[in-house]
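The structure appears below as structure tokens.
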Amino acid sequence: MANRDELTSYQYRQIRGRVLAESDVCIVCGHGEADAVDHVHPVSKGGAPLDPDNLAPIHGTAGCPVCLRKCNNEKGNRPLADVVQLVTSVDWFAGP
Ligand SMILES: [Zn+2]
Ligand SMILES: [Zn+2]
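Residue numbers are given in full-length UniProt numbering: position 6 of the sequence shown equals residue 6, and the series is strictly consecutive.
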């Protein structure tokens with residue numbers, strides 16, 4: 001359980017690739033082409049740092065090409081779980 005608080009950039013890229021390969025629909029604005037991922041349940045609140053199920057696509061520094069929001073910035077330090085409840089009606093945690 002080293003590095004509980006911070007992913008290395010290598011780990012982040014690996015996990016981001018996996019999450020975005022499944023879906024690049026931003027969890028905040030609902031548009032595609034998300035380029036970053038964020039924790040649904042913050043690691044500081046016990047969320048799993050490297051669990052793809054705890055990571056959701058989100059627009060990062062490049063922003064959304066559709067609505068131009070920078071969703072990750074906009075979210076700030078609100079728990080993503082709060083944001084998720086506002087937007088998603090898709091049960092995207094449900095596996096096969
Ligand atoms: Zn977005
Ligand atoms: Zn958008």
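No residue lacks a Cβ here, since even glycine has one placed at the ideal position from N, Cα and C. Keep in mind the model is a prediction, meaning the values are calculated, not measured.
On the premise that R16 lies in contact with V37, defined as a C-beta separation below 8 Å, what is that separation, rounded to the nearest angstrom? Taking C-beta atoms under 8 Å as the contact rule, V37 and R16 qualify, at a distance of about 5 Å.
Straight-line Cα distance separating D82 from L55: L55 and D82: Cα-Cα distance of roughly 14 Å.
Give the single residue among K70, P49 and G76 whose Cα lies nearest to the Cα of G32. The shortest CA-to-CA distance from G32 to any of K70, P49 and G76 is the one to K70.
For P49 and H39, the rounded distance between their alpha carbons: 7 Å
Kindly indicate which residue of D35, G47, R78 and D53 has the alpha-carbon position closest to the one of L68. D35
Whole alpha helix (DSSP H) runs in the segment 18-59 with 4 or more residues, listed along the chain? With a minimum length of 4 residues, no continuous alpha helix (DSSP H) run stays inside the segment 18-59.
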